[in-house]
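Chains as they are written, first to last, in the working numbering: chain X, -19 to 295; chain L, -8 to 277.
Here is the structure we will look at.
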Amino acid sequence: MRWTGKIRFLFLAPAVIWVLAFTVFPLGYSLYLAFYKIEQKVEVKREKQPMLDAAGQPVLDDAGQPRTKNVVIKEQVNTATFIGLDNFKRMLTDTQVHEAVRVTLTFVLIAVPLELVLGFLLAVLFNQHIFGRPILRAFMILPIFATPLAVGYTFFTIFYEVGGPLAWTGIPFLSNPTWALMSVIIVDVWQWTPFCFLVFLAALQGVPDELYEAARVDGANAWDMLKEVMLPLLIPTIVIVLLLRMAEALKLFDIPFALTGGGPGVATQPFSMLAFRTGLRFFDLGYASAMSYAFLAVIMIVITLFFRRLRANYG
Amino acid sequence: MADRAPGSRNGWGEVTASLVAVTVALLFAFPIYWAFSQSLRNPIDTYTVAGLGVPWINFTPTLDNWIDQLGTPETVKALYNSTIVSVSAALLALVLGTPAAYAIARFRFERWKNRDITVWFLSQRILPPVATVIPFYLTMRYLGLLDTKFALVLINATFVLPYVVVILRQTFLDLPVEIEEAALIDGAGHFGAFWRVALPLAAPSMAAAGLIIFALTWNEFLFAVAIGSSDAIMVPVHIAGAIDTRGVQFWFMGVRAMTAIIPPLIIALIAQRYIVRGLTLGAVRG
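Here it is as structure tokens:
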């Protein structure tokens, strides 16, 4: 059924070359950086330069000599020193790294299961005969596409401890380290439960009516129906959503950036925020690259699991 | 939709389920509503508003914040930049990704099988972006492209490319191959069959994919904040920057959050049918 012919490579080539250029090349480059200590220094030099007037002509002094002025030249100098595995070793003893790993793992291990369970329960609820379902379903889609950074700031105003709408609870949503992490989790659950819900609802609606009928005839009650009919049929979908959410949740960045700024202290600073700051705020580029690679190695495990599952879908 | 669920034959069950569903939907809509409510408040009403902050009931609404923010050149620039970058990245990704999707759907690849190629495109999407942000930043600095919309188009087109490949691959698979074969027999050639037969039929899917990837670029923050600080400032970066310089002004924050959120929300509602397939990278058919 499927065609062959050389032209197939012509169709495919632009996209492949593009991804090689903008994903594979940067990854190679950052692997190289991971073995170096990159230092950026600003060298300050003073130089005498001829003074120019508005027309660009040299200004002459009384003796007819060109006047000079002192100019300060700042030059950025990068030095790269090969240090082997030192960047990776440094991570092992860096408490900031340990803390970021703890934050990221806590986040993923609480938020993702919560999103799946809530999403599943909501899908079961919405799978029933409900008034105005299309409109309610549309409401539920909104969080998925809301700009995460804007969402973070909006929740910042909601969690605001002085005069915010939840201030009456007296909960230190943002100032207490444990609560701050919970707040990040709440926002993520708000944003991504609807995604799990939507996918599960689509899967549930694909379950043929006959199965429910058959179970009903066999005298199954609502709980049996959930456990014996819906859950088993949804297992493949659940696994895909789980892996997809895990891969995404490990990248956590936008929400804590807006909501807590990683704080208080570093209590909500996930790994990607630490790597970002190390690289592009403190310009410790080699160390940040090593961090990224360590991160990549962990995520590869998830990816491998994910693709083993996913490959079957593209047969 | 047929009545397919357990326990829903009984009228009271239906009412209870509906009430719970309405409550849940309102709960999920609340934060967006709250941002909107804040955008309509006078600064003096910010902390004193009672109840659910309903305009006209709990406070007298004003459009001043909207007029003030939308009249600020920085806001206009951010909205303009985000629009240009998101449209360009979506178009570029469609131009690159659609032929690739067609190749995977219609041709047989041997050394690397078709599914391997699809998965290779996908793997790029699962990668943590923070792993590529530093080398990309350095490359753009070397090329003198820091703080340009061009650099943001390049990187965002790369990020959304897998979505195009996966969504359109499925679209082409769903199209009847016979029409293209007829065109081939008429001597159209593979490119003609693609361009004149398959592409027009795939147009609705391309539009939906285009909308979804527009929203993804619009919402992207990590690269936007790394690459674009002033000339190429994007909406999320503008929001973050405004907090730093102007402090927490909830009334303006409401406006800024709404201007960021509204365009992708409209898209989400238009492209509803494609969201499940799109966001699960084609793994689940919605």
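The beta carbon of each residue, even a glycine, is placed where N, CA and C say it ideally should be.
The model shown is predicted, which means the values in this text are computed figures rather than measured ones.
Own chain, CB closer than 8 Å to residue i, minus 5 neighbours either side, in chain order
i, result
"Thr109/L", "Ile95, Val156, Val157 and Arg160"
"Phe139/X", "Leu146, Phe153, Leu154, Ser163 and Leu239"
"Ala26/L", "Met244, Gly245, Ala248, Met249 and Ile252"
"Leu87/L", "Ala148, Leu152 and Val155"
"Val45/L", "Ser28"
"Thr14/L", "none"
"Val124/L", "Leu213, Phe214 and Ala217"
"Phe87/X", "Leu161, Val164, Ile165, Asp168, Ala229, Leu232 and Pro250"
"Pro244/X", "Leu154, Ser155, Asn156, Pro157 and Ala160"
According to DSSP, residues forming a beta bridge with residue i
i, result
"Arg261/X", "None, per the DSSP bridge assignment."
"Ile53/X", "Lys25/X"
"Glu19/X", "Thr59/X"
"Phe50/L", "Pro46/L"
"Thr(-17)/X", "Correcting the residue type first, residue -17/X is Trp in the shown sequence and not Thr. Phe98/L, per the DSSP bridge assignment."
"Pro46/X", "Leu40/X"
"Pro30/X", "Thr48/X"
Beta-carbon separation (whole angstroms), residue i vs residue j, contact threshold 8 Å
i, j, result
"Ile279/X", "Ala227/X", "7 Å"
"Ile(-13)/X", "Phe182/L", "7 Å"
"Phe287/X", "Leu270/L", "Contact doesn't hold; Cβ gap of about 17 Å is too wide."
"Val221/X", "Leu96/X", "6 Å"
"Ser252/X", "Val121/L", "4 Å"
"Gly266/X", "Leu13/X", "5 Å"
"Thr208/L", "Ala80/L", "5 Å"
"Ala84/L", "Met225/L", "That belief does not hold up - the Cβ atoms of Ala84/L and Met225/L are roughly 17 Å apart, past 8 Å."
"Gly144/X", "Ile235/X", "17 Å between Cβ atoms; not a contact."
"Thr149/X", "Leu98/X", "Not really, about 21 Å apart at Cβ, beyond 8 Å."
"Leu105/X", "Ala16/L", "With 8 Å as the limit, Leu105/X and Ala16/L do not qualify as a contact, their Cβ atoms being about 11 Å apart."
"Ala91/X", "Ile165/X", "5 Å"
"Leu129/X", "Ala20/L", "Contact doesn't hold; Cβ gap of about 19 Å is too wide."
"Ala198/L", "Pro255/L", "With 8 Å as the limit, Ala198/L and Pro255/L do not qualify as a contact, their Cβ atoms being about 16 Å apart."
"Gln115/L", "Val282/X", "Between Val282/X and Gln115/L the Cβ distance is about 15 Å, and since that is not below 8 Å, they are no contact."
"Ala189/L", "Tyr93/L", "6 Å"
"Gly219/L", "Asp165/L", "Between Asp165/L and Gly219/L the Cβ distance is about 38 Å, and since that is not below 8 Å, they are no contact."
Other residues of its chain near residue i: CB distance less than 6 Å, five sequence neighbours each side excluded
i, result
"Gly299/X", "Residue 299/X cannot be examined here, being either before or after the span of chain X that is shown, -19 to 295."
"Thr158/X", "none"
"Leu272/L", "Leu113 and Val157"
"Val51/X", "Glu27 and Gln29"
"Val6/L", "none"
"Asn105/L", "Ile95"
"Phe263/X", "Gln20"
"Val323/X", "Residue 323/X is absent from the structure shown; chain X starts at -19 and stops at 295."
"Thr59/X", "Glu19"
"Leu18/L", "none"
"Val11/L", "none"
"Lys25/X", "Ile53"
"Phe68/X", "Ala270"
"Tyr273/X", "Ala14"
"Asn33/L", "Thr53"
"Phe275/X", "Phe251"
"Val77/X", "Met71"
Same chain only: Cβ atoms within 7 Å of residue i, ignoring 5 sequence neighbours per side
i, result
"Ala(-4)/L", "Note that Ala(-4)/L scores a pLDDT of 49, beneath 50, so its modelled location is shaky; the value from the coordinates is reported in the next line. So no residue of the chain qualifies."
"Gln60/L", "Thr66, Phe243, Val246 and Arg247"
"Gln56/X", "Gln20 and Val22"
"Lys140/L", "Asn72, Ile75, Val76 and Ala223"
"Leu181/X", "Ala103, Phe106 and Asn107"
"Pro22/L", "none"
"Ile170/L", "Val188"
Cβ-heavy atom distance, residue i to the ligand FMN, below 8 Å
i, result
"Leu175/L", "Ligands in the displayed structure: none, and consequently the ligand FMN is not present."
Neighbour flag for residue i against chain A, beta carbons, 9 Å
i, result
"Ala160/X", "This model lacks chain A altogether, as its protein chains are X and L."
> Of all the residues that make up the stretch 228 to 241 of chain X, which are near chain L by a beta-carbon distance shorter than 9 Å?
Replying inline: Glu228, Leu230, Lys231, Phe233, Asp234, Phe237 and Ala238
>> Runs of 4 residues minimum, wholly inside the stretch 81 to 134 of chain L: which ones carry the alpha helix (DSSP H) assignment?
In response: 105 to 117 and 121 to 133
> At a Cβ cut of 8 Å, what residues of the stretch 184 to 215 of chain L count as close to chain X, listed as they run along the chain?
Replying inline: Phe185, Ala206, Trp209, Asn210, Phe212 and Leu213
> Fully enclosed by the stretch 221 to 255 of chain X, which alpha helix (DSSP H) runs are 4 residues long or longer?
Replying inline: 234 to 239
>> Can you pull out the residues from the stretch 15 to 29 of chain L whose beta carbon lies closer than 7 Å to at least one beta carbon of chain X?
In response: Val15, Ala16, Phe19, Ala20, Pro22, Ile23, Trp25, Ala26 and Gln29
> What residues from the stretch 25 to 42 of chain X come within 7 Å of chain L, judged by C-beta to C-beta, listed N to C?
Replying inline: none
> Closer than 9 Å, Cβ to any Cβ of chain X: which residues of the stretch 217 to 237 of chain L, in chain order?
Replying inline: Ala217, Val226, Pro227, Val228, Ile230, Ala231 and Ile234
> For the stretch 127 to 153 of chain L, which residues have a CB atom closer than 8 Å to at least one CB atom of chain X, in sequence order?
Replying inline: Phe127, Tyr128, Leu129, Thr130, Leu145, Ile146, Ala148, Thr149 and Leu152
> In the stretch 87 to 104 of chain L, which residues sit with their C-beta less than 8 Å from some C-beta in chain X, listed in chain order?
Replying inline: Listed by position along the chain: Leu87, Gly88, Pro90, Ala91, Tyr93, Ala94, Ile95, Arg97, Phe98, Arg99 and Phe100.
> In chain order, what residues of the stretch 258 to 270 of chain X put their CB closer than 7 Å to some CB of chain L?
Replying inline: Gly259, Leu260, Leu265, Ala268 and Ser269
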